[in-house]
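Below is one structure; the comments refer to it alone.
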Amino acid sequence: MKAIICKAYGSPENLQFREVDTPQPKPNEVLVRVHNAAVNAGDWHIIRAEPFMVRFMAGLFKPKYPILGSAIAGTVEAAGSDVSEFKVGDKVYGDLSDAGFGAFAEYVSTPAAALAAMPESLSFAEAAALPVAATTAHMALKHEAKLQAGEHVLINGASGGVGSFSVQIAKALGAEVTAVCSSRKIEMVKALGADHVIDYTKEDFTESGQQYDVIHAANGYHPLAHYKRALTPTGRYIMTGGANKQLFEAMIRGPWLSEKNGRQLRMALNTANRDDLLLLNALADEGKLKPAIDRHFPLEETPQAIRYLEEGKAEGKVIVDIVGGA
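Residue numbering for the sequence shown follows this note's numbering, beginning at 2 and increasing consecutively.
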């Protein structure tokens with residue numbers, strides 16, 4: 002099979018497009034013919050080994066997992082002897098980030114527990130966009146912030162992969178949504194359902210005096226103290242992405258700046274979760290969740306796809322086409 006191989010840390014251009022052996026499923030695994038994979042920020046963080054702590058998960062001196070990529074959609078090619086929930090031909094999608102990765106290839110063998118049946122309303126490309134990005138947004142708003150209907154949420158980085166889902170999930174939860182993005186992405190964010198849009202090139206929302214019940218920083222770039230003053234007295238700030246400096250600040254200073262019965266500030270990390278995928282299935286099939294896809298790249302151009310995302314050019318998700326395009 003054809004695959005993108007990561008043999009050393011560095012830039013996306015170091016990735017190699019090669020022919021490798023097709024994996025064989027273990028008893029608890031499913032062999033998936035990958036139709037589409039999605040690029041996520043975690044991919045370039047691993048390739049560059051940034052921040053350094055990535056190495057403790059992905060390999061201290063060189064990548065532990067030669068084939069990267071965590072979000073897939075495809076069809077079941079074969080199932081291990083212990084697998085009962087899937088059969089050959091089933092359309093599936095999933096998050097492989099806790100299962101050894103492997104999305105940037107024609108086939109991947111992964112534990113059945115990492116997969117879920119695809120939403121009936123979505124294409125393979127759209128389904129591949131959900132794992133990691135949409136589950137991160139759902140985790141941040143539903144599980145961490147415990148967003149309630151009628152609350153006012155601000156989403157910083159609303160036009161990116163996670164942020165574009167956060168806007169839609171917040172609306173599905175009944176919240177009033179203010180989205181923060183650049184000038185050229187305003188119309189895209191409005192189309193996702195945002196009630197209000199702030200152009201960060203013209204206005205700093207942390208200086209406006211407006212306060213929010215929840216702030217989801219899908220791309221956090223302000224100091225924590227600035228976010229804190231933009232929260233209501235019982236507001237919750239959840240950071241899921243941003244520059245290394247801000248990520249470390251949220252991790253280390255967040256608990257210290259939080260108040261016992263008041264404002265809460267913290268970083269949250271998504272974990273692969275089939276239950277969340279099934280909840281997203283329902284939202285997608287109800288028409289409340291539609292992936293915003295920016296660009297498609299063929300498998301051999303995965304390095305360019307990762308570079309495109311890393312440079313902040315994407316409006317929504319970046320998709321790798323592996324079988325028959327989108």
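All residues carry an ideal CB built from backbone N, CA and C; glycine is no exception. None of the values given here were measured: they were computed from a predicted structure.
Residue i versus residue j - alpha carbon distance
| i | j | result |
| --- | --- | --- |
| A39 | N271 | 16 Å |
| N262 | R230 | 16 Å |
| G75 | E127 | 11 Å |
| I6 | L290 | 32 Å |
| V55 | I323 | 27 Å |
| A327 | S124 | Note on A327: pLDDT 46, under 50, position unreliable in the model; the coordinate value appears next. When rounded, the distance between both Cα atoms is 8 Å. |
| K143 | V89 | 34 Å |
| A180 | D196 | 8 Å |
| T303 | Y228 | 35 Å |
| L148 | F105 | 34 Å |
| K318 | V163 | 8 Å |
| V321 | T202 | 30 Å |
| G151 | I73 | 34 Å |
| E250 | I239 | 12 Å |
Under the three-state DSSP convention, the category residue i falls into
| i | result |
| --- | --- |
| F105 | coil |
| M240 | strand |
| S110 | strand |
| K229 | helix |
| R56 | helix |
| V321 | strand |
| M268 | strand |
| Q17 | strand |
| E177 | strand |
| T235 | strand |
Candidates the options: closest to residue i by CA position
| i | options | result |
| --- | --- | --- |
| P112 | V84, L279, D276 and F125 | V84 |
| A80 | V93, I68 and A72 | V93 |
| K63 | E51, L123 and A72 | E51 |
| M189 | I294, F57 and V35 | I294 |
| P256 | A226, N274 and L279 | A226 |
| N29 | Y238, M58 and S110 | S110 |
| M268 | S71, T241 and F18 | T241 |
| P292 | S12, L131 and E20 | L131 |
| E20 | L300, T235 and S71 | L300 |
| A9 | S122, K27 and L61 | L61 |
| C182 | S82, D22 and E204 | E204 |
| V33 | S71, Y238, V77 and R49 | V77 |
Residue range of the alpha helix (DSSP H) that includes residue i
| i | result |
| --- | --- |
| F125 | F125 to A130 |
| V190 | I187 to L193 |
| L310 | T303 to E311 |
Run of the beta strand (DSSP E) containing residue i, from where it starts to where it stops
| i | result |
| --- | --- |
| L32 | E30 to V40 |
| E78 | A72 to A80 |
Could you tell me whether the region 295-313 touches the region 29-46, using the rule of 3 or more Cβ pairs below 8 Å?
yes
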